[in-house]
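Asks: Residue numbers (my numbering), protein chains in the order written: chain A, 18 to 759; chain B, 321 to 559. Pasting a structure below so you can have a look.
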């Protein structure tokens with residue numbers, strides 16, 4: 018056996034790439050409490066101090082500290098960069114911390130505009146590089162149909178990754194540590210040889226070219242690591258190298274591309290195996306182990322991409338979604354919590370609370386109680402972590418999946434995702450009432466249909482029928498639009514390094530999304546249970562509604578309306594599946610809005626539920642602000658009814674509760690939060706962001722940002738530094754329901 | 321066949337975390353014999369609201385069973401829940417079948433009928449809000465005398481049911497150590513597990529306006545948290 022693999026238990030992982038097998042053969046389950054954890058070392062405090070000073074400067078500078086306009090971002094564009102001479106885990110995206118790279122591969126104009134909006138000019142050198150080059154964005158617009166452009170323009174489809182990197186692809190960075198690059202390259206070459214034996218169909222040629230591109234970048238990664246003095250051709254031989262090798266893989270990926278979400282995968286239990294071996298060999302102490310994880314997290318907190326103001330409108334707070342998933346149980350039911358699962362959470366105390374990495378707890382009823390309690394305490398103290406239900410995801414994804422971005426599960430290194438933003442279903446309803454015309458622009462977008470009369474109460478059965486016919490039209494257009502986008506993304510901005518850390522015959526998911534679910538649901542409920550009378554403007558377009566009488570509202574655990582939400586979701590998913598997806602991808606669906614619920618609302622006219630034109634939607638699958646009036650658990654129960662089976666890309670729920678409502682003291686609050694999470698997830702609910710804070714604190718922070726400089730809050734599948742949100746988004750967050758006791 | 325008792329519900333609070341132990345599902349029933357001057361729920365005084373059969377109510381509560389854990393359950397509050405004692409007892413039969421325990425959040429200001437006794441005996445815990453400290457003040461601030469409360473507390477103690485006692489502290493009415501001593505004299509007789517003071521707040525004032533009822537404490541300030549903390553600490557040293 019190789020010396021780097023000394024003392025590891027044998028398994029098939031030794032002869033094939035199989036990290037999951039390695040983990041299950043070697044990890045040591047930890048069922049104890051958090052008392053073993055260590056605080057930060059003096060070195061960690063010094064380095065973290067430097068980083069915090071830079072973060073303050075970045076904020077003072079309008080959100081961007083510096084831009085390197087001289088280079089086009091890639092693995093070997095920059096000389097090695099360091100935070101300080103004391104870095105343990107080495108590697109920065111550019112030569113200086115928080116200095117952003119220019120990455121125009123997804124869209125040149127976007128990159129140029131991003132530079133300009135922060136007062137920079139792209140260098141002539143970078144321009145020339147792209148003079149004769151087609152970007153992803155160029156390609157997409159060559160193939161878009163007029164209808165696709167219209168749907169995008171009026172905001173039926175929004176946030177599409179047609180001008181920025183699609184993201185949500187997670188390389189299996191653990192492979193570098195476990196196998197070393199030489200082994201991985203050999204395996205890829207073997208795959209390519211095998212593909213060469215097949216008939217040269219278009220599909221096969223495409224894949225062969227992909228592998229060739231992957232191999233080129235695997236070579237570059239070796240070179241990049243070498244410039245930092247590390248030889249990653251061989252496996253990592255101890256915990257430090259395991260962390261460093263893994264991080265190099267991640268770093269190479271974020272140098273190569275600037276996708277929306279750059280998640281790091283499921284790494285803590287993997288790394289724990291190396292830490293435990295070093296402990297057994299007497300070469301590492303607990304303090305040093307914590308320091309390693311702290312230093313990795315410092316690096317992850319420094320990841321930045323250059324974005325345009327329009328992009329920030331969609332995804333507020335400059336998120337990078339370095340989502341780090343942990344815990345969960347094996348398919349045999351054994352907890353996968355290790356001491357390093359705790360060490361990752363401990364970074365929020367050692368380094369201070371932070372939005373990144375986006376720590377995601379894969380919650381199972383069978384996790385050890387002390388770990389559940391520690392998670393709850395971290396939530397209450399920092400508002401920085403999120404929870405997703407391992408017991409439902411494991412059924413579909415097995416026990417070595419991770420979360421990309423907010424709520425998207427995928428098997429690490431075996432599945433990738435074509436990210437598809439979302440479709441505004443509330444707007445589809447308005448379009449269906451206007452016979453295919455957009456309620457704001459008045460343009461005919463979809464085929465002409467029945468326009469409902471002014472002054473006549475809407476008939477539910479009729480409305481649902483026309484809604485479904487337009488939703489069905491929408492679904493086909495949506496899939497086809499996505500097919501264009503991802504064809505072009507593969508062609509012009511293929512993620513060579515990330516994909517090299519996947520199986521060659523990767524399984525593909527195409528992730529669609531719904532926005533406006535609660536608005537749509539309550540609107541349909543109003544039409545069904547109350548009297549809704551359309552009001553037209555001078556163009557003959559229905560622009561408002563008079564709603565008389567009461568109707569059940571989503572968020573109160575009332576089946577009459579919750580069933581509507583469930584049914585329309587299932588219907589839309591089934592409609593999506595009717596149009597084949599590019600590269601035989603499997604259709605998946607999410608109910609997640611990131612922070613774009615504000616923007617979607619702005620682009621949507623008045624709705625029959627009483628929401629005025631332009632008002633924000635609720636985020637994700639949340640009930641509308643203030644309409645969930647039977648308290649926190651009723652609201653959770655409504656969301657829990659949505660079916661994960663047809664929303665396998667996630668159902669996001671963001672939940673805020675005041676500390677006083679949760680309990681009288683820390684012990685009480687911890688116990689109740691654990692009980693609440695268990696109660697929510699045992700009903701097969703999927704996701705929960707937990708904030709334990711007072712509205713007053715947010716109002717104070719909005720008025721004076723210096724009061725709470727690191728105030729972190731979960732918004733929709735991720736956390737943000739509250740002070741990085743625009744005023745409009747801060748107000749929307751404050752308007753959300755805070756469950757509190759009178 | 322026995323006719324079912326309807327229960328008239330003012331509202332539900334699915335996470336009434338503080339009305340008992342663990343996570344509580346709060347059911348606020350309408351109807352109250354008292355007219356406390358500092359009441360923050362005047363909209364629960366008269367019997368009104370959504371009618372529920374005991375089965376329908378128990379089924380609604382059952383939806384929250386996953387959150388109850390070892391300690392949680394439903395808390396019947398109000399209004400005065402014991403005005404609906406017969407309905408609670410029927411509901412309790414279903415709850416028992418579902419494995420759900422209930423607590424009562426009451427003023428204790430009801431006659432000790434058989435139905436009330438059954439409700440109390442079936443509860444896992446009684447939270448009794450002792451409004452005032454003697455007959456005179458009780459009558460002055462609530463409109464009734466205190467005899468029922470004392471009989472009620474005696475029955476609870478004799479039945480061996482767990483008991484918490486609470487008092488709302490209203491500035492200018494009962495916010496002094498001297499008055500608290502009077503409360504403590506009464507309360508210590510019943511040996512509660514906990515004596516908790518709640519601060520008067522004004523968050524229910526808008527309800528008076530909505531209902532067109534004169535608010536006797538209009539303009540009164542809420543109790544500040546320092547005073548509440550000081551008085552609670554005082555009680556803790558005495559009990």
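C-beta atoms are modelled at their ideal positions from N, C-alpha and C, and glycine is treated no differently. Given the structure is predicted, the values throughout are model-derived calculations rather than measurements.
Give me the Cα-Cα distance between residue 505(B) and residue 432(B), rounded to the nearest whole angstrom.
Replies: Each residue's CA atom was taken as its position, placing residue 505(B) and residue 432(B) some 23 Å apart.
Asks: So which residues on chain A does residue 466(B) lean against when the C-beta distance must stay under 7 Å?
Replies: In chain order: nothing, as chain A lies at least about 27 Å away.
Asks: Hey, quick one: how far does the beta strand (DSSP E) through residue 710(A) stretch, first residue to last?
Replies: Run containing residue 710(A): none; DSSP gives neither H nor E here.
Asks: Give me the chain D residues within the contact set of residue 386(B), using Cβ-Cβ distance strictly less than 7 Å, ordered along the chain.
Replies: This model lacks chain D altogether, as its protein chains are A and B.
Asks: Which residues does DSSP list as the beta-bridge partners of residue 401(A)?
Replies: According to DSSP, residue 401(A) bridges with nothing at all.
Asks: Under a CB-based cut-off of 9 Å, is residue 25(A) close to chain B?
Replies: no
Asks: Once you ignore the five residues that flank residue 443(B) on each side, which residues in its own chain have a CB closer than 7 Å to its CB?
Replies: Result list for residue 443(B): 422, 423, 424, 481, in chain order.
Asks: Within 9 Å (strictly less), CB to CB, does residue 332(B) reach chain A?
Replies: Yes, residue 332(B) lies at the interface with chain A (some Cβ there is under 9 Å from its Cβ).
Asks: State the DSSP-derived secondary structure class of residue 341(A), mapped to helix, strand or coil.
Replies: strand
Asks: Given 8 Å as the limit, is there contact between the stretch 97-112 of chain A and the stretch 128-138 of chain A, that is, 3 or more CB pairs closer than that?
Replies: no
Asks: Within this structure, are the beta carbons of residue 645(A) and residue 655(A) separated by less than 9 Å?
Replies: Remark: C-beta atoms of residue 645(A) and residue 655(A) approach each other more closely than 9 Å.
Asks: How many whole angstroms separate the CB atoms of residue 475(A) and residue 549(A), which I take to be in contact at a CB cut-off of 8 Å?
Replies: 5 Å
Asks: Residues of the stretch 432-458 of chain B in Cβ contact with chain A at a cutoff of 9 Å, in chain order, please.
Replies: none
Asks: Suppose contacts are defined by Cβ-Cβ distances below 9 Å. Is residue 693(A) in contact with residue 517(A) by that definition?
Replies: no
Asks: For residue 97(A), is the classification buried or exposed, using 16 other Cβ atoms within 10 angstroms of its Cβ as the cut-off for buried?
Replies: exposed
Asks: Contact criterion: CB-CB distance below 9 Å. Does residue 383(B) meet it with respect to chain A?
Replies: Nearest CB-CB separation between residue 383(B) and chain A: below the 9 Å threshold.
Asks: Under 9 Å, Cβ to Cβ, is there at least one residue of chain A near residue 548(B)?
Replies: Taking Cβ atoms only, chain A never reaches closer than 9 Å to residue 548(B), which makes this a no.
Asks: Go to residue 760(A), then tell me how far its beta strand (DSSP E) extends in each direction, as first and last residue.
Replies: Look at the range of chain A in this structure, 18 to 759, and you will see that residue 760(A) is not part of it.
Asks: Measuring CA to CA, which of 122(A), 570(A), 497(A), 364(A) is closest to residue 161(A)?
Replies: Here the closest residue by C-alpha is 497(A).
Asks: Report back the beta-carbon spacing between residue 706(A) and residue 743(A) to the nearest angstrom; my notes put them in contact at under 8 Å.
Replies: Contact doesn't hold; Cβ gap of about 20 Å is too wide.
Asks: In terms of residue numbering, what span does the beta strand (DSSP E) encompassing residue 526(A) cover?
Replies: 524-532
Asks: Between the Cα of residue 356(B) and the Cα atoms of 434(B), 528(B), 483(B), which residue gives the shortest distance?
Replies: 528(B)
Asks: For residue 345(B), decide whether its Cβ has a neighbour in chain A, counting only Cβ atoms nearer than 9 Å.
Replies: yes
Asks: Output needed for residue 759(A): all residues of its chain with C-beta closer than 7 Å, excluding positions within five of it in sequence on either side, in chain order.
Replies: Summary for residue 759(A): the model assigns pLDDT 45, below 50, so the residue's position carries little reliability; its value from the coordinates is reported in the next sentence. None.
Asks: Determine the chain B residues that contact residue 654(A) at a beta-carbon separation under 7 Å, and present them in chain order.
Replies: 383
Asks: Give the secondary structure of residue 88(A) by DSSP, where H, G and I count as helix, E and B as strand, and everything else as coil.
Replies: strand
Asks: Against chain B, does residue 407(A) count as a neighbour if the rule is that its beta carbon must be under 9 Å from one of theirs?
Replies: no
Asks: Name, please, each residue of chain A whose Cβ falls closer than 7 Å to the Cβ of residue 389(B).
Replies: Simply 692.
Asks: In chain order, what residues of the same chain lie with their CB nearer than 8 Å to the CB of residue 460(A), ignoring the 5 residues before and after it?
Replies: 167, 171, 454
Asks: Under 8 Å Cβ-Cβ, which residues of chain B neighbour residue 648(A)?
Replies: 332, 333, 334, 335, 336, 346
Asks: Using C-beta distances below 8 Å, list every residue in its chain close to residue 559(A), excluding the 5 sequence neighbours before and after it, in chain order.
Replies: 447, 450, 451, 456, 468, 469, 471, 551, 552, 553
Asks: Under three-state DSSP, which class holds residue 135(A)?
Replies: coil
Asks: Can you name the start and end residues of the alpha helix (DSSP H) that residue 495(A) belongs to?
Replies: 477-509
Asks: Inspect the CB distances between the stretch 345-352 of chain A and the stretch 735-751 of chain A and report whether three or more fall short of 8 Å.
Replies: no
Asks: Please classify residue 444(A): does DSSP put it in a helix, a strand, or coil?
Replies: helix
Asks: List the residues of chain B that residue 104(A) touches, going by C-beta distances under 8 Å, in chain order.
Replies: Simply none; closest approach about 45 Å.
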